[in-house]
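Visitor: Here it is, the structure, as structure tokens.
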Amino acid sequence: MSLQECLARRKDCSGEGRVLQLSVIKEICNSTFQAAPSNSLFVVLPNGEDYTGGIYKYNNDGLVRLTDKEKTKSTMELYPELFWKESIEFEDLIRVGITWQYLSLKVDSIGLGVSQRARAPKKYNKLVNNVTNQNYSFLYSVAVRERDRAALMKDTAEPLQKKVAEGTILLDTPTCYKDRAIYENTYKGIQLDDAIFNRVDEKSPNHTNLHQISQLLWACQGENDHATHGNRDALEKNGFGRVHASGCAGYAVYPIVYVKNLANVPDGSYHYNPVGYSALNRWVKVNGTITYDHFIQKFSSGTPSVEIEKEFDMSFSNYAILLCIDRKKPCAGLIHRIMNLKYWAEVEAGMALAGLQLQANALGLKWKKKIISNPDDQKYRKLFNLDSAEQSINTTANNLVNRANNERVSLEGNLVPIVLFHLLE
């Protein structure tokens with residue numbers, strides 16, 4: 302299955318476990334391991350036909366069982382290596398998120414799904430630390446499960462007729478949705494394993510149109526397929542939502558784009574709106590043409606490219622994408638009472654970053670990222686003009702049609718800059 306199909310079909314699942322052959326488990330581990338090959342993975346398995354259940358360690362030495370004292374009722378569970386520190390570094394949290402997204406996409410490609418569970422697996426953690434004499438810290442539980450969500454369905458409601466206002470740039474339709482290709486099973490994209498293991502035909506980015514940036518933003522934080530039957534909350538309960546995994550459908554990540562030379566887009570600072578105008582139907586009709594509903598919205602005519610390049614010792618010729626998080630809104634409703642909120646938003650930023658990286662690989666583009674080591678430094682609020690960004694995000698959210706009851710498209714806290722991503726010529 303292609304990367305783009307995996308992104309479009311990716312849904313959190315809650316089905317029962319299914320025992321896999323050892324060769325398939327190793328394939329999943331190997332693909333996931335590419336997210337951070339210098340760090341180990343810890344895998345919890347049930348009893349299988351050609352292996353004994355228990356807790357395993359996977360790295361360059363392969364899959365090695367640590368203990369058989371604990372097994373899982375799911376297909377498998379996976380935890381990225383993470384050492385406990387007084388203050389865990391942001392780079393480590395981002396790596397956890399990237400690893401989880403690699404896992405999510407790989408298991409999706411073989412017809413399975415994942416679910417992120419809110420509580421830390423303390424028993425597993427204690428067993429692993431006793432066996433290895435280390436101080437690992439598993440933050441949350443990530444289980445591979447049987448897929449129990451509906452097949453792809455295109456929206457059936459009549460698309461909104463919209464006139465694009467000044468300052469709003471409607472982005473291109475993701476390639477997999479064009480001409481209903483993904484619904485007709487005619488889409489031929491870049492295979493997921495190629496995007497993970499190989500750079501595909503490295504070439505210079507094309508900034509004369511919006512195709513590449515549309516693909517990148519959609520793969521980072523866009524929405525996947527769903528049908529319009531009721532409120533967005535019900536849709537998310539049935540497994541539809543963003544292209545990356547999220548804790549309780551919280552969506553704490555907000556991409557911001559700084560443009561200085563891109564097609565016919567006026568230079569300036571923009572935030573990405575993945576839910577579009579309606580926040581429910583995936584399609585919109587503009588000038589008689591039906592297109593996928595996602596856009597960037599200008600919040601400032603200034604592009605602080607010189608200041609950003611100087612601060613981070615980097616150079617971007619056309620645009621840069623900044624991933625910000627809202628730490629106060631990693632999940633919604635009653636889940637706040639049971640979910641460990643600490644670090645979740647940072648981990649979710651890693652999931653979004655994985656989409657950016659993999660889509661850039663699939664497009665054959667070279668890229669560079671900068672993880673901001675001290676994101677709470679107040680100088681970044683001025684540098685990235687985050688006050689204006691926050692105001693624009695909330696204003697845009699308040700003007701959407703069919704807005705979700707739990708207001709997941711607006712901010713509750715302040716934006717915190719986490720990762721800066723840009724393409725290389």
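In case it helps, my numbering puts the sequence shown at residues 302 to 726. From the three backbone atoms N, C-alpha and C, an ideal C-beta is built for every residue, glycine too.
#1: Do residue 562 and residue 510 have their C-beta atoms within less than 8 angstroms of each other?
#2: Can you look up residue 625 in the DSSP assignment and give me helix, strand or coil?
#3: Could you tell me which of 404, 448 and 433 sits nearest to residue 414, measuring between CA atoms?
#4: Indicate, with yes or no, if the ligand GTP has a heavy atom lying under 7 angstroms from the CB of residue 520.
#5: Out of 411, 427, 605 and 443, point me to the one whose CA is closest to residue 418's CA.
#6: Evaluate the contact criterion for the segment 582-593 versus the segment 656-673: three or more CB pairs, one atom per stretch, below 8 angstroms.
#7: Take the Cβ of residue 653 as the centre, count every other Cβ of all protein chains shown within 10 Å, and call the residue buried at 16 or more, exposed below.
#8: Could you work out which residue in 353, 369, 503 and 518 is closest to residue 305 when comparing CA atoms only?
#9: DSSP on residue 361, reduced to helix/strand/coil?
#10: State yes or no: is the C-beta of residue 522 within less than 8 angstroms of the C-beta of residue 571?
#11: Leaving aside the five residues before and after residue 333 along the sequence, list all residues of the same chain whose C-beta is less than 8 angstroms from its C-beta, in chain order.
#12: Leaving out five residues on either side along the sequence, give the residues of the same chain with a beta carbon under 6 angstroms from the beta carbon of residue 703.
#13: Kindly indicate which residue of 720, 685 and 307 has the alpha-carbon position closest to the one of residue 492.
#14: Can you tell me the Cα-Cα spacing of residue 485 and residue 568, whole angstroms?
#15: For residue 599, collect the residues of the same chain with a Cβ closer than 6 angstroms to its Cβ; drop the 5 residues on either side in sequence, then sort them by chain order.
#16: Name the two residues that bound the continuous alpha helix (DSSP H) containing residue 401.
#17: Do you know how far the Cα of residue 494 is from the Cα of residue 717?
#18: Does the beta-carbon of residue 474 have 16 or more other beta-carbons within 10 angstroms, so that it is buried, or is it exposed?
#19: In this structure, does DSSP put residue 353 in helix, strand or coil?
#20: Can you check whether the CB of residue 671 is closer than 8 angstroms to the CB of residue 624?
#21: If you follow the alpha helix (DSSP H) that residue 648 is in, where does it begin and where does it stop?
#22: Near residue 601, which residues of its chain fall below 7 angstroms by C-beta distance, leaving aside the five closest residues on each side in sequence?
#23: From the DSSP output, in three-state form, read off residue 450 for me.
#24: Which value, in whole angstroms, describes the spacing of the CA atoms of residue 698 and residue 351?
#25: Taking residue 666 as the reference, which of 499, 349 and 360 has the closest Cα?
#26: Roughly how many angstroms separate the alpha carbons of residue 482 and residue 664, rounded to a whole number?
#27: So, under 8 angstroms CB-CB, residue 312 and residue 345 are touching, yes? Tell me the CB distance rounded to an integer number of Å.
#28: How far does the alpha helix (DSSP H) with residue 513 in it reach, from first residue to last?
#29: Below 6 angstroms CB to CB, which residues in the same chain sit around residue 455 once its five sequence neighbours on both sides are set aside?
#30: What residue range does the alpha helix (DSSP H) around residue 333 cover?
Guide: Taking the structure as given:
#1: Here residue 562 refers to the residue found at position 261 when the sequence shown is read from its first residue. Here residue 510 refers to the residue found at position 209 when the sequence shown is read from its first residue. No, the pair does not count as a contact, with Cβ atoms beyond the cut-off.
#2: For the purposes of this step, residue 625 is identified with residue 324 of the sequence shown, where counting begins at 1. Strand at residue 625.
#3: On the sequence shown, residue 414 is found 113 positions in, with the first residue counted as 1. Nearest option by C-alpha distance: 448.
#4: Questions concerning the ligand GTP fall outside what the structure shown contains, since it holds no ligand whatsoever.
#5: Taking the sequence shown and counting its residues from 1, one reaches residue 418 at position 117. The shortest Cα separation from residue 418 among 411, 427, 605 and 443 belongs to 443.
#6: These segments do not touch.
#7: The count along the sequence shown starts at 1 and reaches residue 653 at position 352. So residue 653 counts as buried.
#8: What you label residue 305 is simply residue 4 of the sequence shown in a count that begins at 1. When only C-alpha atoms are compared, the closest one is 518.
#9: Along the sequence shown, read from residue 1 onward, the residue named residue 361 stands at position 60. Under the three-state reduction of DSSP, residue 361 is assigned to coil, being neither helix nor strand.
#10: Locating residue 522 in the sequence shown gives position 221, where the first residue counts as 1. Locating residue 571 in the sequence shown gives position 270, where the first residue counts as 1. Taking a C-beta distance under 8 angstroms as the contact criterion, residue 522 and residue 571 do not qualify as a contact pair.
#11: By 1-based counting over the sequence shown, the position of residue 333 is 32. Result list for residue 333: 342, 379, 400, 403, 404 and 407, in chain order.
#12: Along the sequence shown, read from residue 1 onward, the residue named residue 703 stands at position 402. Excluding five sequence positions before and after residue 703, the CB atoms of its chain that fall closer than 6 angstroms to its own CB belong to 579, 580 and 581, given in chain order.
#13: Your numbering for residue 492 matches position 191 in the sequence shown. That would be 307, whose Cα lies nearest to the Cα of residue 492.
#14: Here residue 485 refers to the residue found at position 184 of the sequence shown. Here residue 568 refers to the residue found at position 267 of the sequence shown. Their Cα atoms are separated by approximately 38 angstroms.
#15: Taking the sequence shown and counting its residues from 1, the one referred to as residue 599 is at position 298. In its chain, beyond the 5 residues on either side, 468, 569 and 571 have a beta carbon closer than 6 angstroms to the beta carbon of residue 599.
#16: Sequence index remark: in the sequence shown, residue 401 carries index 100 (1-based). It spans 391-410 - the alpha helix (DSSP H) in which residue 401 sits, taken as one unbroken run.
#17: Working through the sequence shown from its first residue, we reach residue 717 at position 416. Working through the sequence shown from its first residue, we reach residue 494 at position 193. Our two residues, residue 717 and residue 494, have alpha carbons roughly 32 angstroms apart in a direct line.
#18: Numbered from 1 along the sequence shown, position 173 holds the residue referred to as residue 474. Its Cβ being crowded by 16 or more others within 10 Å, residue 474 is buried.
#19: Working through the sequence shown from its first residue, we reach residue 353 at position 52. Coil, per DSSP.
#20: By 1-based counting over the sequence shown, the position of residue 624 is 323. By 1-based counting over the sequence shown, the position of residue 671 is 370. No, the Cβ-Cβ distance between residue 624 and residue 671 is not below 8 angstroms.
#21: In the sequence shown, residue 648 corresponds to position 347, counting from 1. In the DSSP assignment, residue 648 falls within the unbroken alpha helix (DSSP H) covering 645-663.
#22: Position 300 of the sequence shown, counted from the first residue, corresponds to residue 601. Scanning its chain for C-beta atoms nearer than 7 angstroms, with the 5 sequence neighbours on each side dropped, one finds around residue 601 the residues 569, 570, 686 and 689, in chain order.
#23: The residue given as residue 450 occupies position 149 in the sequence shown. If DSSP states are grouped into helix, strand and coil, residue 450 belongs with coil.
#24: Walking along the sequence shown from the start, residue 698 turns up at place 397. Walking along the sequence shown from the start, residue 351 turns up at place 50. For residue 698 and residue 351, the distance between alpha carbons rounds to 52 angstroms.
#25: Along the sequence shown, one-based indexing puts residue 666 at 365. The residue with the shortest Cα to Cα distance from residue 666 is 499.
#26: Within the sequence shown, residue 482 is the residue found at index 181, counting from 1. Within the sequence shown, residue 664 is the residue found at index 363, counting from 1. Their backbone Cα atoms lie some 18 angstroms apart in a straight line.
#27: Start at 1 with the first residue of the sequence shown, and residue 312 comes out as number 11. Start at 1 with the first residue of the sequence shown, and residue 345 comes out as number 44. 22 angstroms between Cβ atoms; not a contact.
#28: On the sequence shown, position 212 is the one that residue 513 refers to. Start and end: 512-522.
#29: For the purposes of this step, residue 455 is identified with residue 154 of the sequence shown, where counting begins at 1. So the list reads 484, once near-sequence residues are dropped.
#30: If you number the sequence shown from 1, residue 333 lands on position 32. Unbroken alpha helix (DSSP H) run through residue 333: 323-334.
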